[in-house]
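723 is the number that the UniProt record's numbering gives to position 723 of the sequence shown; each next residue is one higher, with no gaps.
As structure tokens, the structure follows; a few thoughts come after it.
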Amino acid sequence: MVAKGRKATSRSTARLGPSGGNEERDIYQQMLAEAGVSAHEDVSSEPPLKRRRRTANHEDEKVLDSGASTHAKAQAADGSASEDEDEDVEFQDVVIPEPTLQTLELDTDEEDEDDEDEDERNFEDMDFAKPLGDAKPAEPASLELNLTAQQSATMPGRARERRKPITREEKERRIQIHQVHLLCLLSHVSRRNRWCNDTKVQESLRPHLDAKTINYLNPGSNLSQFGQAESLKNGLKQAGIMWENKFQIKERGLRRALWAEDPAQLQDYEPPSDMDSCLDRKDFQKMARNLQGSRDVGAQLYCALLRSIGVRARLVCSLQPLSFHSSAPSLPKPKKNATPTKSSHKERAREALAKYEALAESASAASPSSATARRRLGHPNATAYNFAPVQPPPGQSRAFDAPIKIRESPYPVYWVEVLDVGHQKWQPVDPVVLHTFWKPKVFEPPITDKENCLSYVVAFEADGTARDVTRRYAKAYTAKTRRLRVESARDDGGQWWQRVMKLYRPIRRTDLDQIEETELAAVEAREPMPRNVQDFKDHPVFALERHLRRHEVLVPEARPSGTVATGSRGPLEKIFRRKDVRVAKSADKWYRLGREVKANEIPAKWLPKKAQPENSRYDKEDAQPDGDVVGIPLYTQDQTELYEPPPVRNGRVPKNKFGNIEVYVPHMVPRGAVHIIHEHATRAAIILGVDFAPALTGFQFKGRQGTAVLHGIVVAAEFEEAVRNVIDGLGDVQQELEDERRRLVALRMWRKLLMGLRIRERIWSGVDEAEKREADRQAELDAGAGAMADDDDDDDDAAGESDATEEFDMIVNNDEDDDMMAGGFIVE
């Protein structure tokens, strides 16, 4: 009945027009009362709104987003629905909420998102159950779209995930720390290498190998190359099995060094309790006897074992210095909960053991052992047998030790290289971690490993010499590993690392050293082309056009060596050789290098002009006009030629508008002129009255301000001899003035000394010799006592002064006596 009346009312109201509005509202209120729904008092007089169907059309969603009040006003003004509306549309018994302002920040990285995702995000936070605050029809308001707050509301963690880039000073500091850490690690490995040669260590390890294994490890020279290599492999296999069974890893070895993001992380930082405890040679000898320690010590003892039986072995270490990159992994943030101490660990272990024992006792008591035994007997009369299980004595209970769990990288830091004498080649051996030999490419850990990073691999021989063998173990040395080394951070081409390794270089190079250098160079040359775009950046052999710097261009005849895909659906990019890349500079920079651009040369590249700030301190006349957006033309060296300045004519040196001449390089001196560098050159030219020009040799920059550096003068060649003679004369005059000043100082000091001697002679003229000697002795005693008093108290300045000194000071400071005595002589 209600549904039918409701439907009829809807159709009749549509025909009645404005006059049937009150009847429709009364019937609607009656229907709400029958359904037990209380309508809002403010909206009781308004007709209900129809819920519009959501379609894929963007315009309908925009209309719905703008608010339902506009629709309510339009329906109230019309007073009736259109005839072609669907009759099956049902009314909504809830009130349309007030429109919510949707906000969204459109980032540049997200401009290519689909419109469907944007539409779904627009209606994400709509609250359709919120009642309207005012049911009166409001005037249509303009839709305001704010694209700022929604980004922070929907993606709050995106900005926090981005790391703040480090400054240039911070990067330079990290590079210096990286270098110092490398030196410390090299010293550490060198010390461990010397421990491997210890006699007591080798004597403790040698009995673990039998004669058969020793014979395999030392093949005879009568065998062929293949026979020697196979004998060495068999011996290493047997020694590796023995070492794997006997050596126990109970401590943590060397791991990768990490940066702390916050200094507060280092305040409560404590090293792990199971770290390597081998600190000196005695600890190393003790671990050699017990065959226990970290896996690093295991590799070092294995090297000592091989050396003890005459095998030429090298100790290899993958150094783990602090990285100088800002993207390197850092120390994990400490947890809010306090870290448990060692005592708490022990208490937990005891509690777990007690719980395990109680559980075992309860299980044994609850299980029907007697019935189980009777069932096992299987005889019909076996139930009458009284079976009582025998309880073991409490003292014989077996204690189970918890296994030692050490969380380390699955790749080693230390291993050993053995010389294959038959092939004159060094081969890697690792019996502790990987349990492999003759496989150099399995030692590099993945980039995601935070415990180990292969960037510097150094091999130390028994005599203390070392060699960098990173290229043997790195799979992509040029593309990936080289970026982690100091060669990529410094512009010296790796000279610093070469100077460091020169300290460990052997005095005389042998044939084996040359063979190894050739092998490592061949490994680097055989490195394949990178497979992803990121590895092409700063690659020394290949280059992509996208990775070229602002002042780099490709030569016109450059041919691609291949292509690489930028993504699953991205276009292919051409790969060029690094030798086809040229440095391009502006005409002004080429001029400062002593070259000028040839006539009618087309720029190889146009460098965009940087935007000038509004409140710039530079002159606005020098700034480019707003319409000039062409940029700065760049030229390669092939498009330039040597600059030839205008020659000297009639003794006149050509000058610029500032009155000087640019001499950035020696060949910029004009023909017929000479460049004289001396501090008195300008003064000499002025004295002679010849034409000259100060030589501008460069600029000294502080920030963006550049100051001209003037060094010497440029004069005509015919005046060179005269200028140099005047310079020599000025030097002689200056030397004479200096000698005269020193002579006057010496005369003043002699005058003071002679005046003091004459005054002393006059004072002691009427005194006996004995009394004079006694006074001198007393003065010496007073002087010694005064010196001791000065040592005890430095503030007492007058304690060490003698009588003679007082006399000198008294006479010298008396101006009247100076005038009367006339320098020690009596005036007649």
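Where a beta carbon is used, it is the ideal one built from N, C-alpha and C, also for glycine.
C-alpha of residue 777 to C-alpha of residue 755: approximately 23 angstroms in a straight line. Taken through DSSP and simplified to helix, strand or coil, residue 259 comes out as strand. Taking a contact to require three or more Cβ pairs closer than 8 angstroms, the region 191-202 and the region 286-301 qualify as touching. One thing to note: residue 465 has its Cβ no nearer than 8 angstroms to the Cβ of residue 481. Contact between the region 630-650 and the region 559-575 is absent: fewer than 3 CB-CB pairs across the two stretches fall below 8 angstroms.
Residue 440 is positioned such that its CB atom lies no closer than 8 angstroms to that of residue 453. Of all C-beta pairs linking the region 543-563 to the region 512-522, fewer than three are shorter than 8 angstroms, placing the two stretches out of contact.
Taking 8 angstroms as the cut-off, the Cβ atoms of residue 322 and residue 193 do not count as close. Within the same chain, 529, 542, 575, 576 and 577 come within 8 angstroms of residue 561 by CB-CB distance, once the 5 residues on both sides are set aside. Taking a C-beta distance under 8 angstroms as the contact criterion, residue 299 and residue 423 do not qualify as a contact pair. Apart from the 5 residues on each side of it in sequence, residue 643 sits with its Cβ closer than 7 angstroms to the Cβ of 591, 594, 595, 596 and 668 in its chain, given in chain order. Counting the other CB atoms within 10 Å of its CB gives residue 213 a total of 16 or more, which places it among the buried residues.
For residue 632, the enclosing beta strand (DSSP E) has its first and last residue at 632-634.
Looking from the CA of residue 604, the closest CA among 550, 332, 325 and 29 belongs to 550. In this structure residue 295 is in contact with residue 249, their Cβ atoms being roughly 5 angstroms apart against a cut-off of 8 angstroms. Residue burial is scored here from C-beta neighbours: residue 711 has fewer than 16 other C-beta atoms within 10 angstroms and is therefore classed as exposed. For residue 713, the enclosing beta strand (DSSP E) covers residues 705-716.
A distance below 8 angstroms separates the beta carbons of residue 661 and residue 693.
With distances taken between CA atoms, residue 414 lies nearest to 432 out of 432, 671 and 420.
Note that the region 717-730 does not touch the region 700-709; fewer than 3 beta-carbon pairs, one per stretch, sit closer than 8 angstroms. Judged by DSSP in its simplified three-state form, residue 317 adopts strand. Of all alpha-carbon atoms in 260, 654 and 274, the one lying nearest the alpha-carbon of residue 330 is that of 260. Within the DSSP bridge table, the entry for residue 572 names 565 as partners.
Note on the region 505-549: whole beta strand (DSSP E) runs with a minimum of 3 residues are 542-544, in chain order. Under the three-state reduction of DSSP output, residue 580 falls in the helix class. Beyond the five residues adjoining it in sequence on each side, residue 281 comes within less than 8 angstroms, by CB distance, of 195 and 198 in the same chain, given in chain order. DSSP links residue 419 through a beta bridge to 426. Non-local C-beta neighbours of residue 182 in its own chain, meaning closer than 6 angstroms and more than five positions away in sequence, comprise 321, ordered along the chain.
Rounded to the nearest whole angstrom, the C-alpha separation of residue 332 and residue 265 is 9 angstroms. In this structure, the CA atom of residue 499 is about 27 angstroms from the CA atom of residue 579.
Rounded to whole angstroms, the separation of the alpha carbons of residue 178 and residue 185 is 11 angstroms. For residue 317, the CB contacts under 7 angstroms within the same chain, skipping 5 residues up- and downstream, are 189, 413, 414 and 458 in chain order. Shown here, residue 440 sits in a helix according to DSSP, grouped into three states.
In the structure shown, residue 435 falls within a coil segment according to DSSP collapsed to helix, strand and coil. Using a 10 angstroms sphere on the CB of residue 675, the tally of other CB atoms reaches 16 or more, which defines it as buried.
The continuous alpha helix (DSSP H) containing residue 240 extends over residues 225-246.
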